[in-house]
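Residue numbers (the working numbering): 12 to 400. A virtual CB, placed ideally from N, CA and C, is assigned to each residue, including glycine. All values reported here derive from a predicted model rather than from experimental measurement.
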Amino acid sequence: MAQPRLLLHLTEEQREIQRVARDFARDEIAPYSVQWDRDRHFERSLVGKMGALGFLGMLIPPEYDGLGLDTGTYLIALEEIATVDAAVSILMGVHNSLPTQMILKWGTEAQKKRFLAPMARGEMLGAFALSEPESGSDAASLRTQAVRDGDDWVITGTKSWVSHGNEADVIIVMARTDSPGDRKGAKGIGAFIVTPDLPGFSVGKKEDKMGMRASPTVSLNFDGMRVPADRALGDVHRGFVYALQSLDNGRLGIAAQSIGIARAAFEYSLRYAGERRQFGTMIRDFEAIQFKLADMSTRVTAARALLHATAAAKDRGESITQFSSMSKLFASETAMWVTTQAVQIFGGYGYITDFPVERLFRDAKVTEIYEGTSEIQRLVVARELYATT
Ligand code: CAA
């Protein structure tokens, strides 16, 4: 496919990382994507390969074996992977944005040495478990309970919608630390570093999804799972705030992923419009198609500009809650809109699995749902607007 025109100014280092990500995606992912999607196959070997390239420790400082890069550079690499296979980009996005950042920010030195460094090297894959069967958008109403018993926390409950939770070596699990008789809402939730070897841990249902089929989504069961007290992260009553703060970062990753999906749909459409002939001419000669392509490209470029401005604000140390939600909202709705146009441009060929835009259309939908629905992003933006006016 054509080289992307990013509008952004990339440094030499960013260009090099973009090139490495693009080559990796072309050689190690693209040839297998259709099959992995069809078979719901998670290619575990990618974890080690991406780790070896530094792609699983992009935001982790070198002292813990990461690359210590800025957020924008990480998002450029993530977009390259997502452009080729959005399902693969989930493992990179979740791992870099959520579990590793939570341990980096609130973990003890011992937790960082034990978990963060191997995660940066790609020897351990991280996951994030917040949602439950009955608490999705209203995340603070979660019910999974942690009870202190001697040197352990005993955790009982079920988590759902956990990306690669069946493959993860480290899972950050949010659980209630308040008591059933004295509920404290968002102030009664802790975050725990869980590993699958703990007694009482088991993997539940693997979902059969519309899209992102090469990324497993599972439920996790904790049946009196005993977690040593030194696996609690930071203040055991602040886990919900840690999770939401981390989702500010996670949502940037979903935005980059959405931009990757939209960009791929646009690039396939541009090429197809130059090959497909109807009424004696290439369909790109019709204004109906030109306007679609112009709008698709405009929206992708705008989504990327908003995302990278937000990433720069984050790296300057500013609060990005509002802009992170705007970035995720705009990019995910762009992905859905652009892939819908792409299917239309391909016509009947857009509706069958022989051509790539069908998968992109299916993959796009979840970006409007996970890590906070579009409705939740609008709610966050509106709250921030009211708070500052
Ligand atoms: N950064 C830091 N702190 C934050 C914050 C943020 N972005 N947002 C809220 N907080 C703090 C608040 O200040 C408050 O702190 P205090 O108790 O000290 O006052 C606390 O968190 C509670 O905040 P709210 O009162 O705003 O909480 P709420 O119950 O009204 O919920 C919500 C807010 C925005 C609706 C939130 O529940 C939400 O984002 N819901 C969507 C959940 C979500 O995104 N889930 C995705 C899960 S991951 C996934 O999809 C799968 C996967 O594998 C990746």
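Leaving aside the five residues that flank residue 227 on each side, the residues in its chain whose CB is nearer than 6 Å to its CB run, in chain order, 53, 175, 177 and 217. Each residue's CA atom was taken as its position, placing residue 212 and residue 154 some 17 Å apart.
At a threshold of 6 Å, residue 382 counts as near ligand 1, since its beta carbon sits closer than that to one of the ligand's heavy atoms. DSSP places residue 189 in no alpha helix (DSSP H); its state is neither H nor E. Exposure of residue 302 is indicated by the presence of fewer than 16 other C-beta atoms within 10 angstroms of its C-beta.
Burial check for residue 149: the Cβ neighbour count within 10 Å stays below 16, so the residue is exposed. With fewer than 16 other beta carbons inside 10 angstroms of its own, residue 363 counts as exposed. Taking all protein chains in view, the Cβ of residue 381 is crowded by 16 or more other Cβ atoms within 10 Å, so the residue is classified as buried. By DSSP's assignment, residue 168 forms a beta bridge with 233. In the structure shown, the three-state DSSP call for residue 126 is helix.
Relative to ligand 1, the nearest heavy atom lies less than 6 Å away from the CB of residue 174. Less than 7 Å divides the Cβ of residue 157 from the Cβ of residue 188. Look at residue 203 here: in three-state DSSP terms it is strand. Of the residues 130, 317 and 346, the one whose Cα lies closest to the Cα of residue 182 is 130. The Cβ atoms of residue 373 and residue 222 sit closer than 7 Å to each other. Unbroken alpha helix (DSSP H) runs of no fewer than 4 residues, entirely contained in the segment 224 to 291, are found at 250 to 284, following chain order.
Taking every protein chain shown into account, the CB of residue 20 has fewer than 16 other CB atoms within 10 angstroms, so this residue is exposed.
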